[in-house]
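Peer 1:
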Amino acid sequence: MNKAILKSAALAFAFGSVLTLSACNVEKTQDGELPDVDVNAQGGELPAYDVETADVDVGTEPATVSVPDVDVDVGSEQKTVEVPDVDVNMPQENDAVEEAPAQ
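According to mature numbering (1 follows the signal peptide of the UniProt record, and there is no 0), the residues represented by the sequence shown are -23 to -1, 1 to 80, in order.
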């Protein structure tokens, strides 16, 4: 039974990681600038970005699953165990993004 729970937890972690990494809205707010190259080099400027990530709620909820019966019987029985529950709320795409003033 521990292997089944570990596999479920690993799968939920992998799924949550994929959602977390892919569920964000990135908008470029300012252009970058390369540094001037001379003997007295002047620093450049990196572009600015606003990043809105998804709101991810991870918890557990009871679920009935088939688990092997450890007795001499070959059958299985139904048990209620805690399984991962992941809710993802994507950032609103219609939100107005204020652009940073160019410097």
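Beta carbons: idealized from backbone N, C-alpha and C, even for Gly.
All of these numbers come straight from a predicted model, not from anything done at the bench.
(1) What is the residue span of the beta strand (DSSP E) that E10 lies within?
(2) Secondary structure at V(-8), three-state DSSP: helix, strand or coil?
(3) Among the residues of its own chain, which have a CB less than 6 Å from the CB of G21, if the five just before and after it don't count?
(4) Helix, strand or coil: how does DSSP classify A(-20) here?
(5) Leaving out the 5 sequence neighbours to the left and right, which residues in its chain are closer than 6 Å to P61 when beta-carbon positions are compared?
Peer 2: In brief:
(1) Note, E10: premise wrong, no beta strand (DSSP E); not H, not E.
(2) Inspection of the sequence shows that residue -8 is occupied by Gly rather than by Val. Reduced to three states, the DSSP call for G(-8) is helix.
(3) Closer than 6 Å at the Cβ level, and outside the excluded window around G21, lie E10, L11 and P12.
(4) helix
(5) A(-12)
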